[in-house]
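Residue numbers (the working numbering): 96 to 460. The beta-carbon is built from N, C-alpha and C at its ideal position, and this holds for glycine as well. Some notes on the structure that comes next.
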Ligand SMILES: *Cc1c(COP(=O)(O)O)cnc(C)c1O
């Protein structure tokens, strides 16, 4: 079976974890500090704060940017639920904007019409590993004095004009869940150039106490701390991230060359100036394709090819978000794309032979 995702853990990670386990310091400690320093350096930011999930990273970022009860945050309905849930966790409302059919990221030309007096921030997602339309969103944020919190949970190492994902707004958020481009099992990180944001995030992850003055509580906080066990894995994964991403990019290139002229199958685009790190290689299967998307999923499975649908339903079609007043038909592009989208295996353990087999199998239909 060619899996759709697979964590890659080597001897280095195992040895690093063993060292931590034997050190007697297994919760947040020196390895977390080291991981933060290395991650900040990798991204090119002054600060990084490690937490225990990507969701926690988004929650910390929203808190640090001052998002609170009654505020509105503009984001995409075509993302993992954590993006919008983190906004709700801060008592704010996720205000959705429809997506573009080519990048699957939100359409910046539709943002301004959604801005109200309550709008506090814009939360773009670097979906599938390609950074959002930075210039357009920055322009709007500047005009209306809004914060930008970048959900880079799928885009470790992605670039726009040679600058790394997570660094374009006020705060960038990452996840190290098992299937992401790099992993710590579960884990997350925020990156920023502003000292104030980093300090607020550190306080928020530690029950509202500053790290210097313990048992003094300034505000509500949570236990979002990362363990040294996870950080030790993260340090080793970060060393390998570039080589992991190069393999994803190579696999994506071969897939695109093999699949680009099939009727009813639309291959993903890479925008000029952007480095897409292919967390997902997502094609669209339209009505013109020989069989339905569901038939293609079944057929691929019978041939030993794992596929996945990210995401089968945009957020606004779920009861959880319909409670906020969202209705079917409000975001037609996201609704259409969710019926066509299909992720094919692209991760670093997929060999060139596997890729050629995937191409042959799909063409064979
Ligand atoms: C994975 C992911 C998250 C959440 O990360 P967790 O570590 O699972 O909490 C948030 N946003 C996006 C776009 C993601 O892909």
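Cβ-heavy atom distance, residue i to ligand 1, below 7 Å
i, result
"residue 472", "Limits of the chain in this structure are 96 at one end and 460 at the other, which puts residue 472 out of reach."
"residue 376", "no"
"residue 252", "no"
"residue 281", "yes"
"residue 130", "no"
"residue 273", "no"
"residue 218", "no"
"residue 278", "no"
"residue 325", "no"
"residue 178", "yes"
"residue 433", "no"
"residue 150", "yes"
"residue 248", "yes"
"residue 175", "yes"
"residue 153", "yes"
"residue 446", "no"
"residue 397", "no"
"residue 305", "no"
"residue 61", "The chain is shown only over 96 to 460; residue 61 falls outside these bounds and no answer can be derived."
"residue 270", "yes"
Nearest-angstrom Cα separation, counted from residue j out to residue i
i, j, result
"residue 382", "residue 391", "12 Å"
"residue 143", "residue 442", "26 Å"
"residue 206", "residue 213", "14 Å"
"residue 378", "residue 297", "39 Å"
"residue 430", "residue 424", "8 Å"
"residue 258", "residue 138", "8 Å"
"residue 323", "residue 132", "14 Å"
"residue 220", "residue 334", "24 Å"
"residue 244", "residue 459", "44 Å"
"residue 172", "residue 415", "12 Å"
"residue 351", "residue 301", "45 Å"
"residue 102", "residue 211", "42 Å"
"residue 200", "residue 227", "6 Å"
"residue 151", "residue 117", "28 Å"
"residue 292", "residue 306", "14 Å"
"residue 231", "residue 406", "25 Å"
"residue 109", "residue 328", "8 Å"
"residue 115", "residue 446", "33 Å"
"residue 346", "residue 450", "7 Å"
"residue 181", "residue 249", "16 Å"
"residue 465", "residue 165", "Since the first residue shown for the chain is 96 and the last is 460, residue 465 is missing from the structure and cannot be characterised."
"residue 98", "residue 105", "18 Å"
"residue 444", "residue 271", "18 Å"
"residue 119", "residue 283", "23 Å"
"residue 454", "residue 354", "6 Å"
"residue 404", "residue 253", "22 Å"
"residue 311", "residue 265", "27 Å"
"residue 317", "residue 113", "28 Å"
"residue 418", "residue 174", "18 Å"
"residue 290", "residue 236", "21 Å"
"residue 121", "residue 279", "14 Å"
"residue 320", "residue 339", "26 Å"
"residue 197", "residue 125", "43 Å"
Presumed contact (8 Å Cβ cut-off) between residue i and residue j, rounded CB distance
i, j, result
"residue 145", "residue 299", "13 Å between Cβ atoms; not a contact."
"residue 273", "residue 261", "In fact, because the Cβ distance is near 20 Å, the residues do not count as touching under 8 Å."
"residue 256", "residue 368", "5 Å"
"residue 281", "residue 147", "6 Å"
"residue 326", "residue 176", "Not confirmed; about 26 Å, so no contact."
"residue 216", "residue 242", "4 Å"
"residue 422", "residue 384", "Incorrect: roughly 29 Å between the Cβ atoms, too far for contact."
"residue 315", "residue 303", "6 Å"
Beta-carbon spacing of residue i, residue j below 8 Å
i, j, result
"residue 208", "residue 187", "no"
"residue 288", "residue 140", "yes"
"residue 400", "residue 427", "no"
"residue 149", "residue 374", "no"
"residue 371", "residue 362", "no"
"residue 395", "residue 456", "yes"
"residue 190", "residue 202", "no"
"residue 380", "residue 437", "yes"
"residue 251", "residue 269", "yes"
"residue 222", "residue 276", "no"
"residue 331", "residue 388", "no"
"residue 432", "residue 194", "yes"
"residue 286", "residue 135", "yes"
"residue 185", "residue 157", "yes"
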